[in-house]
Amino acid sequence: MNRADENVLAWSLLDEATDLLTRTARAAVCVMIGAGDEVDAIHGLLRLLADHGVELPTQHRALVWDWVWGYFGSDDEDALAALLTRLGVPEMRRPVVIAPSVVPPSGIYDRRPKRVHDKYPVSKRAFSGSKQVKSFHDDMRNERVS
1 MNRADENVLA
11 WSLLDEATDL
21 LTRTARAAVC
31 VMIGAGDEVD
41 AIHGLLRLLA
51 DHGVELPTQH
61 RALVWDWVWG
71 YFGSDDEDAL
81 AALLTRLGVP
91 EMRRPVVIAP
101 SVVPPSGIYD
111 RRPKRVHDKY
121 PVSKRAFSGS
131 KQVKSFHDDM
141 RNERVS
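No gaps in the numbering here: position 64 of the sequence shown is 64 in UniProt numbering, and each next residue is one more.
Set out below in structure tokens:
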């Protein structure tokens, strides 16, 4: 979940909790959200809603789970899942975590044209500062001329 979605979630939860907050407390939460402290505001609002036995409306459930999945594997994951259970939110499928050994290696891919790759199979980066780079550029210049 990105910051904009966190912001939307925080304001949505504040709308749900409006009747449970005093004007001063609501203003304080508005300041928290406006100052960019959405995470603490969301934590506090979820706790407030759970403590008052409010069930989270259906339209907010996916957003809340999206936010909780950001804590997947952290120390807070179990506490947040328990909090959502108190809010009457059924557990949704968790994201699949790909093991590091399965992730394809990132690297530099050769983007040279096929004719250049066939003539010079190793990238010029491998020869940085050597005579082969000079000969590569000389050969390319000669090909353009002819």
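Note that the Cβ used here is the ideal one computed from N, Cα and C, for glycine as well. No experiment lies behind these values; they were computed from the predicted model shown.
Using beta-carbon positions only, say whether L13 and L63 come within less than 7 Å of one another.
-> no
Beta-carbon spacing of E55, A10 below 7 Å | no
Run of the alpha helix (DSSP H) containing H52, from where it starts to where it stops = Note, H52: premise wrong, no alpha helix (DSSP H); not H, not E.
Go through the segment 16-93 residue by residue and report every complete run of the alpha helix (DSSP H) that reaches 4 residues or more, in order.
-> 23-34, 38-51, 58-69 and 77-86
So what's A2 in DSSP terms, helix, strand or just coil?
-> Reading the sequence as shown, one finds Asn at residue 2 and not Ala. Correct three-state label for N2: coil.
Classify K131 as helix, strand or coil using the three-state DSSP reduction.
-> Confidence in K131 is poor, its pLDDT being 48 and thus under 50, which makes the residue's placement unreliable; the coordinate value appears in the next sentence. Looking at K131 - three-state DSSP - the assignment turns out to be helix.
Buried or exposed (CB count within 10 angstroms, at least 16 for buried), V31 = exposed
Nearest residue (CA-CA) to T85, options S74, Y71 and R47 = R47
Report the rounded CA-to-CA distance for T58 versus E16, giving the unit in angstroms.
-> 12 Å
Which residue from T24, R115, M1 and H43 puts its Cα closest to that of D76?
-> H43
Is the CB-CB distance between A50 and L21 below 7 Å?
-> no
Roughly how many whole angstroms lie between the Cα atoms of R3 and W65?
-> 15 Å
L80 versus V116 - alpha carbon distance | 56 Å
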